[in-house]
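**Student:** Questions regarding the structure given below will be posed in turn.
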Amino acid sequence: MPAKKSVPKKSASKKPAAPKSMPYEKGAWAAAFSARTPGEKRYWLIKSEPDVFSFDDLLVAPKQTTCWDSVRNSSARNFLRDGMKKGDLAFYYHSNADPSAIVGICEVVREGYPDPTALDPAHDYYDAGSNAETPTWFMVDVKAVKKLASAVALPAIKDSAALQEMALVKVGRLSVVPVQPDEWETVIAMSEGRA
DNA sequence: GCCAACGTTGGC
DNA sequence: GCCAACGTTGGC
Numbered sequence: 084m085p086a087k088k089s090v091p092k093k094s095a096s097k098k099p100a101a102p103k104s105m106p107y108e109k110g111a112w113a114a115a116f117s118a119r120t121p122g123e124k125r126y127w128l129i130k131s132e133p134d135v136f137s138f139d140d141l142l143v144a145p146k147q148t149t150c151w152d153s154v155r156n157s158s159a160r161n162f163l164r165d166g167m168k169k170g171d172l173a174f175y176y177h178s179n180a181d182p183s184a185i186v187g188i189c190e191v192v193r194e195g196y197p198d199p200t201a202l203d204p205a206h207d208y209y210d211a212g213s214n215a216e217t218p219t220w221f222m223v224d225v226k227a228v229k230k231l232a233s234a235v236a237l238p239a240i241k242d243s244a245a246l247q248e249m250a251l252v253k254v255g256r257l258s259v260v261p262v263q264p265d266e267w268e269t270v271i272a273m274s275e276g277r278a
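In terms of my numbering, the first sequence is residues 84 to 278.
Next comes the structure, spelled out in structure tokens:
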């Protein structure tokens, strides 16, 4: 079980405390939290630096599953805690890579639950301002589904007219972001040489 | 509650 | 290594 993913290095040892405002909820990302139609599946993108934990690492992990821990950004946390549901699919993106690219698909197999690394003083991502009673930080479990036939690199994404609104492009630094169904389809098509 | 300083992500 | 974007902190 990997200790860290692509996330803020040093967490504020102060107090991220309770969720403050959620600006995106009234913005374009509100859909990520809205009520679902029965059986609706949603799509996400999660980032990891391949030097830290790559998609290949996930493929050889026990049950090809890992907890997506150590996220210390409140917007990303909200997606983990409130947005992602069991059965949702997520692109696995390699950041700080050459090239940075979407390389695989994984599935949410456990919904948001408290991230224990935030409560462990010995852990790099310990957050002294959080506590077990009202956890500040959450994670999900994801399981590898498959590697893409070919990686879809960031420059190609930026070149695609259909992907101009991708959160990955518009909000570069967030480690967990929603993906619209049409964007999902476009990336899949690109990975299969159909676009 | 404003906002300047500071820290972090991650592309380039 | 640089720096744009942007979240967080803390002075006032």
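Glycine included, C-beta positions come from ideal geometry on N, C-alpha and C. Because the structure is a prediction, the values reported are computed rather than measured.
1. Tell me whether A100 sits in a helix, a strand or coil according to DSSP, three-state version.
2. Give me whichever residues DSSP pairs with I188 in a beta bridge.
3. Determine, using beta carbons only, whether L257 and A159 come nearer to each other than 7 Å.
4. Work out the CA separation of F162 and S115 for me, nearest whole Å.
5. Give me the residue from S233, Y209, P261 and K253 with the minimum Cα distance to A272.
6. Could you pull out every residue in the same chain whose Cβ sits closer than 6 Å to the Cβ of S201, ignoring the five residues on either side in sequence?
7. Which residue or residues does DSSP assign as beta-bridge partners of I129?
8. Based on the DSSP secondary-structure assignment, which residues constitute the bridge partners of P197?
**Tutor:** Answer, in terms of the structure:
1. For A100, the pLDDT reaches just 31, beneath the cut-off of 50, and the residue's location in the model is therefore unreliable, leaving the point undetermined.
2. F174 and K229
3. yes
4. According to the sequence shown, residue 115 is Ala rather than Ser. Computed Cα separation, rounded: 8 Å.
5. S233
6. It should be pointed out that residue 201 corresponds to Ala in this sequence rather than to Ser. Once the five neighbours on either side are set aside, the close Cβ partners of A201 are D210, S213 and W220.
7. Y175 and V259
8. F221
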